[in-house]
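In my numbering, the protein residues as written are 15 to 311. Structure first, commentary second.
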Amino acid sequence: MTINGFRYRTLPGDDEVDLNVAVAGTGPAIVLLHGFPQTHYMWRHVAHDLAEQHTVIIPDLRGYGESAKPAEQGQETYSKRTMARDILRIAEALGHDRFGLVGHDRGALVGVRAGLDHPESVQFLGILDVLPTSDTWDVLHGVDAKVAWHLYLMAQPTGLPEKMIRAVGPEFFGSFLDAWDADGSTFPPEARRHYIDSSVNSVDSIVADYRATASIDLDMDREDRDAGKQLTMPVGVISQDWGSQLGFDAAALWRTWAPDLTYEPIQAGHFMAEEKPAAIARFIRDLAARSHPATVG
């Protein structure tokens, strides 16, 4: 499953991990990062819109899709710090030392870490439907935390969660595509099959990615929060209203990390880039315009 009109390259990320990268367009660069249980293909509709004014760079994250899936050698292998360095490497290889960065779900967590670690490179940061790692764990309480049951499963030590998920892989990954799709019509059959097949082929690396979020990524967030570190670039967040369900104020949580913040709710399911691509493309264009109004129409 490739995005029509995009050229594909294999580029080295951190530690020379090969990443599958789709590229098209000209102008200021925007990197788009996918979420779970998906691949770069989730951006196909938005990407064509943005490529009219931008160089659009869309990788499969390490451990997903057609990118390499290095064995977990410790927490750092799939830490968001390592994955953020992947993104800087591929952007640099394509000639961009500064770029806008937009992520959905898992990709947004990589984006946040990139923004905190490399503010000189991230011109603006767009976040789709997620909270920072430390805030995610903080807002999950009691029976309401069942909405994020997979976080707890994949946080367990190496071995058991991988074995359990492999035993029912298609059903496991398909359950999220079904549960988080607002009306059940977002995914054409071939796209749904692509996401499930790609995820089934990536069980160990996907679990390692999530395991890092319950360990090293959480430690990094807490350390930065205690130090008062913030995202200094323009940040835009677009999200479902999870706060009303779980009892938190998403905009207030994000504002502690991002003083230059715009927050907007959207009436869509979790997979909003495919359900409402025009709204997401508009959101990204508006965010880009805030960061470099002289070059973005």
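Built from N, CA and C at the ideal position, the CB exists for glycine as well. In this text the structure is predicted, and so the values were computed from the model without any measurement.
{"Check": "Any chain D beta carbon closer than 8 angstroms to A107", "Outcome": "The structure shown contains no chain D; it holds only a single protein chain."}
{"Check": "CA nearest to the CA of A295, picked from E90, H59, I17 and L25", "Outcome": "H59"}
{"Check": "The region 190-208 / the region 124-141 touching (three or more Cβ pairs under 8 angstroms)", "Outcome": "no"}
{"Check": "Per DSSP, cross-strand counterpart(s) of F186", "Outcome": "BP columns for F186 are empty, so no partner."}
{"Check": "Own chain, CB closer than 6 angstroms to D63, minus 5 neighbours either side, in chain order", "Outcome": "A295"}
{"Check": "Where F297 falls: helix, strand or coil (DSSP)", "Outcome": "helix"}
{"Check": "Straight-line gap, T91 to L142 (C-alpha atoms, nearest Å)", "Outcome": "24 angstroms"}
{"Check": "A228: first and last residue of the uninterrupted alpha helix (DSSP H) it sits in", "Outcome": "Where A228 is concerned, there is no enclosing alpha helix (DSSP H), given that its DSSP letter is neither H nor E."}
{"Check": "As assigned by DSSP and simplified to three states, the class of E288", "Outcome": "helix"}
{"Check": "Residues bridged to E278 [DSSP beta-bridge criterion]", "Outcome": "I252"}
{"Check": "Rounded separation between H155 and G109 - CA only", "Outcome": "45 angstroms"}
{"Check": "Identity of the residue in I220, D233, W57 and D240 nearest I17 by Cα", "Outcome": "W57"}
{"Check": "G39 to L25 span [Cα, whole Å]", "Outcome": "18 angstroms"}
{"Check": "Sequence-distant residues of the same chain with beta carbon closer than 7 angstroms to P184, five excluded per side", "Outcome": "I210 and V214"}
{"Check": "E86 versus G125 - alpha carbon distance", "Outcome": "21 angstroms"}
{"Check": "Of the listed residues L232, V31, P175 and A302, nearest to V251 (C-alpha basis)", "Outcome": "A302"}
{"Check": "Whole-Å CB distance - L232 paired with T147, under 8 angstroms assumed", "Outcome": "5 angstroms"}
{"Check": "Inter-residue Cα distance where the pair is T200 and E278", "Outcome": "21 angstroms"}
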